[in-house]
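**Student:**
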Amino acid sequence: MAISRKDEARFLDKDETALVEKSHHPEIGNLDDKELAGTIKLIRQRRDRAREIGQRQRREMRGKARPQGAKAAGDNAGTKEKMAVLAQALKRLNSEQTRRRELSARSATASGMKRAMELKSAAPAAKLPKSKTADKGMKVIANKKNEQITDPREVGRVSQQIKKAQAKKDG
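Okay, so the sequence shown: first residue is 1353 according to this note's numbering, each after it adds one.
(1) R1403 by DSSP, collapsed to three states: which one?
(2) Considering only residues of the same chain and omitting the five flanking positions on each side of E1448, which have a CB-CB separation below 6 Å?
(3) Which value, in whole angstroms, describes the spacing of the CA atoms of A1370 and R1410?
(4) Are the Cβ atoms of T1431 and A1468 separated by less than 8 Å?
(5) Would you please state the rounded distance, in angstroms, between the beta carbons of I1392 and N1428? I believe it to be under 8 Å.
(6) If you run the structure through DSSP and keep just helix, strand and coil, what is E1499?
(7) Per DSSP, what kind of secondary structure is N1428 in: helix, strand or coil?
(8) Which one of E1387, A1354, L1455, L1394 has the shortest CA to CA distance from E1368?
(9) Tell me the residue span of the alpha helix (DSSP H) that contains D1522.
(10) Which residue comes first and which comes last in the alpha helix (DSSP H) that contains L1371?
(11) Does M1435 come out as helix, strand or coil in the three-state DSSP assignment?
(12) Give me the Cα-Cα distance between E1506 and N1498, rounded to the nearest whole angstrom.
(13) If S1375 and A1441 are in contact, beta carbons under 8 Å, what's the gap, nearest whole angstrom?
(14) Provide the residue span of the alpha helix (DSSP H) that contains R1542, from first to last.
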């Protein structure tokens, strides 16, 4: 579910709010590639830290871990929301980085295709054959399998006929 900018500001501190603001529409387009990569790295670190704090708070609530502060955590809803905000910002930034990478790949492919077309156009024309008649072509390879002179069914019929005739003569 989308989180409004007002709620984002409520869950984050000033530094994190400034980082997350860079992930929204008008500002994200103004970032160059190095700034975008740096922002992704910083937000990923903040998200991971929020995740670790949330895990620790859950363990404290269940009684599995000693409290880090003066008393055990009673609720980790704020940390969960903070992690969700940072995860959404990271998702937006990653999408923008992927979009830029695909755009540069598309332009590189287009320039490569243009270069190939220029090279093809600059190449000499293909040689035409001297005459309009076909050449001798490929050599014929003889079939080495034995040719069947008769149908195999015919062979069986004839041998059966001879067998019957011999039996009649002997019998």
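Beta carbons: idealized from backbone N, C-alpha and C, even for Gly. Keep in mind it's a predicted model, so treat the numbers as computed, not measured.
**Tutor:** Straight from the coordinates:
(1) For the purposes of this step, residue 1403 is taken as residue 51 along the sequence shown, with counting starting at 1. In the structure shown, R1403 sits in a helix (DSSP, three-state: H, G or I).
(2) The residue you call residue 1448 lines up with position 96 of the sequence shown. Cβ within range, chain order: I1380.
(3) The residue you call residue 1370 lines up with position 18 of the sequence shown. The residue you call residue 1410 lines up with position 58 of the sequence shown. Cα to Cα, A1370 sits roughly 28 Å from R1410.
(4) For the purposes of this step, residue 1431 is taken as the residue at position 79 of the sequence shown. For the purposes of this step, residue 1468 is taken as the residue at position 116 of the sequence shown. Contact: no.
(5) Against the sequence shown, residue 1392 aligns to sequence position 40. Against the sequence shown, residue 1428 aligns to sequence position 76. The pair is not a contact, with the Cβ atoms about 25 Å apart (cut-off 8 Å).
(6) For the purposes of this step, residue 1499 is identified with residue 147 of the sequence shown, where counting begins at 1. Residue state, collapsed to three classes: coil.
(7) Position 76 of the sequence shown, counting from 1, holds the residue named residue 1428. Coil, per DSSP.
(8) As a working mapping, residue 1368 is identified with position 16 in the sequence shown. Selected option, being the one with the closest Cα: L1394.
(9) Mapped onto the sequence shown, residue 1522 falls at position 170. That run of the alpha helix (DSSP H) goes 1504-1522.
(10) On the sequence shown, position 19 is the one that residue 1371 refers to. Here the alpha helix (DSSP H) through L1371 covers 1366-1373.
(11) Here residue 1435 is taken as the residue at index 83 of the sequence shown, counted from 1. Helix, per DSSP.
(12) The sequence position of residue 1506 within the sequence shown is 154, counting from 1. The sequence position of residue 1498 within the sequence shown is 146, counting from 1. The alpha-carbon atoms of E1506 and N1498 are separated by roughly 17 Å.
(13) Residue numbering aside, residue 1375 sits at position 23 when the sequence shown is read from its first letter. Residue numbering aside, residue 1441 sits at position 89 when the sequence shown is read from its first letter. About 4 Å separates the CB atoms of S1375 and A1441; that is less than 8 Å, so the two are in contact.
(14) Residue 1542 is absent from the structure shown; the chain starts at 1353 and stops at 1523.
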